[in-house]
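In this text, residue positions in the sequence shown follow the UniProt record's numbering: the first is 1, and each later residue adds one.
The beta-carbon is built from N, C-alpha and C at its ideal position, and this holds for glycine as well.
Reading through the structure tokens given below for one structure.
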Amino acid sequence: MSLEHLKSMGVFAEVASSGSFRGAARALEMTPSSVAYHVQQLEERLGTPLLYRSTRKLSLTEAGQRLAEAAQSMRHMADIGMQGAASGAEQLQGALHISLTVSLLRSPISCALARFQQQNPDVALRLTYSDAAHDLIADRIDLALRVGTLDSSALKCRRIWTMQRALVASPDLLARHKPIQHPNDLATIPWVKHANLPEKRRFTSATGETRDVLQYGALKVDNIEAMVDLAVNGMALASPPRHYIEAQLRDGSLVEILSDWKLAEIPVQAIWPDTKVENPLTRAFLMVLAAETGIK
């Protein structure tokens, strides 16, 4: 690849980032016509359009999206190389956008985030805590931490942790029902369900006996904080991650039920875009995560 094509890729990366020729021109201190020329050169060489052009805005074609990812990774690596040469050390810099489910608050993941920031003070962390599914490409998310199993082949995936569940209820709810001594006793007691998780729960006894229980009732929420709050207020049973409710178990606002039966654990997955050039910030954070959770 010629130096001119490398320059054109750098220009295209800025166009994709800013969303317009004019914005890229301002950032690069070039004229809009020069920016458009470099994009045109890439399109002619590749034989495919990279942008959808309209009077109001530009948007990337599928080929443009792929090239933008590679071009932005190229530019990012070049920045790191320049910074490393100038400082005599490979100090990571840049921005890392991570999306996490709310259930990962108060977990070892928070410790990993703190450790990563201490080790890389020049990296700007943007953290989005939400149980809603995000489009990593459209929302420009570098890495997402999600619970459960994932089926997207367009993303890279690595299991990073396993969350333990606890079946809990408020003392008030327990007082309104017969004693719960076996999973079969849960058949007519209402649960607060999580909209993003299966409604069936598997229990395993110390002797290896298993029972699958379908959550009873019509109460459903879209985040873990609401689940815990409703359980504390006596509306229903809940099975949140144990680490998330340690305070409630200590103060007695929630009581663990069937502690001699183990609920199926929840896998936590890291997912990130499957690009040809891996983001070095993503790779560095995954290494910190592995050290913190003990999963390689």
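Which ranges would you report for the beta strand (DSSP E) in the segment 63 to 145 if only whole runs of at least 3 residues count? Entirely contained in the segment 63 to 145, the beta strand (DSSP E) runs reaching 3 residues are, in chain order, 94 to 100 and 123 to 129.
What's the C-alpha gap between residue 297 and VAL39? Examination of residue 297 is not possible in this model, given that the chain is present from 1 through 296 alone.
Would you list the residues sitting across from ALA270 in a DSSP beta bridge? Sequence index remark: in the sequence shown, residue 270 carries index 270 (1-based). Beta-bridge pairing links ALA270 to LEU145 and ARG158.
CA-CA distance, LEU230 and LYS193? For this step, residue 230 is matched to residue 230 along the sequence shown. For this step, residue 193 is matched to residue 193 along the sequence shown. Distance from the CA atom of LEU230 to the CA atom of LYS193, rounded to whole angstroms, is 11 Å.
Going by DSSP, what residue range makes up the alpha helix (DSSP H) through ARG165? Mapped onto the sequence shown, residue 165 falls at position 165. If you look at ARG165, you'll find it isn't in any alpha helix (DSSP H); DSSP assigns it neither H nor E.
Measuring straight from C-alpha to C-alpha, what distance separates ALA89 and GLU278? Counting from 1 along the sequence shown, the entry for residue 89 is found at position 89. Counting from 1 along the sequence shown, the entry for residue 278 is found at position 278. Low local confidence applies: a pLDDT of 49 at ALA89 is under 50, so the model's placement there is unreliable, with the coordinate-based value given in what follows. Approximately 20 Å, taken between the alpha carbons.
Mind reading off the beta-carbon distance from HIS134 to SER107? Whole number of angstroms is fine, and I expect it under 8 Å. Walking along the sequence shown from the start, residue 134 turns up at place 134. Walking along the sequence shown from the start, residue 107 turns up at place 107. Between HIS134 and SER107, the beta carbon gap of about 19 Å keeps them out of contact (Cβ cut-off 8 Å).
Residues in its own chain within less than 6 Å of ILE266 by CB, not counting five upstream and five downstream? To locate residue 266, count along the sequence shown from 1; it is residue 266. Same-chain partners within the cutoff: VAL147 and MET163.
Rounded separation between PRO171 and LEU214 - CA only: By 1-based counting over the sequence shown, the position of residue 171 is 171. By 1-based counting over the sequence shown, the position of residue 214 is 214. Computed Cα separation, rounded: 22 Å.
Three-state secondary structure assigned by DSSP to GLY217: Against the sequence shown, residue 217 aligns to sequence position 217. Three-state result, GLY217: strand.
Helix, strand or coil for ARG176 per DSSP? Numbered from its first residue, the sequence shown carries residue 176 at position 176. Look at ARG176 here: in three-state DSSP terms it is coil, with no helix or strand label.
Minimum C-alpha distance to HIS97 - residue among GLU225, MET77, CYS111 and TYR129: Start at 1 with the first residue of the sequence shown, and residue 97 comes out as number 97. Taking the Cα of HIS97 as reference, the smallest distance to any Cα among GLU225, MET77, CYS111 and TYR129 is reached at TYR129.
Using alpha carbons as the reference points, say which of ALA70, GLY64 and GLN117 lies closest to PHE285. Position 285 of the sequence shown, counted from the first residue, corresponds to residue 285. Nearest C-alpha to PHE285: GLN117.
Sub-8 Å separation of PRO240 and ARG165 beta-carbons: Walking along the sequence shown from the start, residue 240 turns up at place 240. Walking along the sequence shown from the start, residue 165 turns up at place 165. Yes, the Cβ-Cβ distance between PRO240 and ARG165 is below 8 Å.
Taking the straight line between their C-alpha atoms, what separation do you get for GLU62 and LYS7? Residue numbering aside, residue 62 sits at position 62 when the sequence shown is read from its first letter. Residue numbering aside, residue 7 sits at position 7 when the sequence shown is read from its first letter. In this structure, the CA atom of GLU62 is about 21 Å from the CA atom of LYS7.
So if DSSP puts THR204 in a beta bridge, which residue, or which two residues, is it bridged to? For the purposes of this step, residue 204 is identified with residue 204 of the sequence shown, where counting begins at 1. Answer by DSSP bridge pairing, in chain order: THR210 and LYS262.
With a 10 Å radius around its C-beta and 16 neighbouring C-beta atoms as the bar for buried, classify LEU173 as buried or exposed. The residue labelled residue 173 in the question sits at position 173 within the sequence shown. So LEU173 counts as buried.
As assigned by DSSP and simplified to three states, the class of LEU230: Residue 230 sits at position 230 when you count from the first residue of the sequence shown. LEU230: helix per DSSP, three-state reduction.
Could you spell out the range, first to last residue, of the beta strand (DSSP E) harbouring LEU60? Counting from 1 along the sequence shown, the entry for residue 60 is found at position 60. Element bounds for LEU60: 58 to 60.
Are there 16 or more other CB atoms within 10 angstroms of the CB of LEU281, so buried, or fewer, so exposed? Position 281 of the sequence shown holds residue 281. By the neighbour-count definition (other C-beta atoms within 10 Å, threshold 16), LEU281 is a buried residue.
Could you give the distance in angstroms between the alpha-carbon of PHE203 and the alpha-carbon of LEU258? As a position in the sequence shown, residue 203 is number 203, starting the count at 1. As a position in the sequence shown, residue 258 is number 258, starting the count at 1. C-alpha of PHE203 to C-alpha of LEU258: approximately 9 Å in a straight line.
Is any non-hydrogen atom of the ligand MG found closer than 7 Å to the C-beta of GLN117, if you look at the structure I gave you? Because no ligand of any kind appears in the structure shown, any question about the ligand MG cannot be addressed here.
For the alpha helix (DSSP H) that HIS38 lies in, which residues bound it at each end? Your numbering for residue 38 matches position 38 in the sequence shown. Segment 32 to 46, the alpha helix (DSSP H) holding HIS38.
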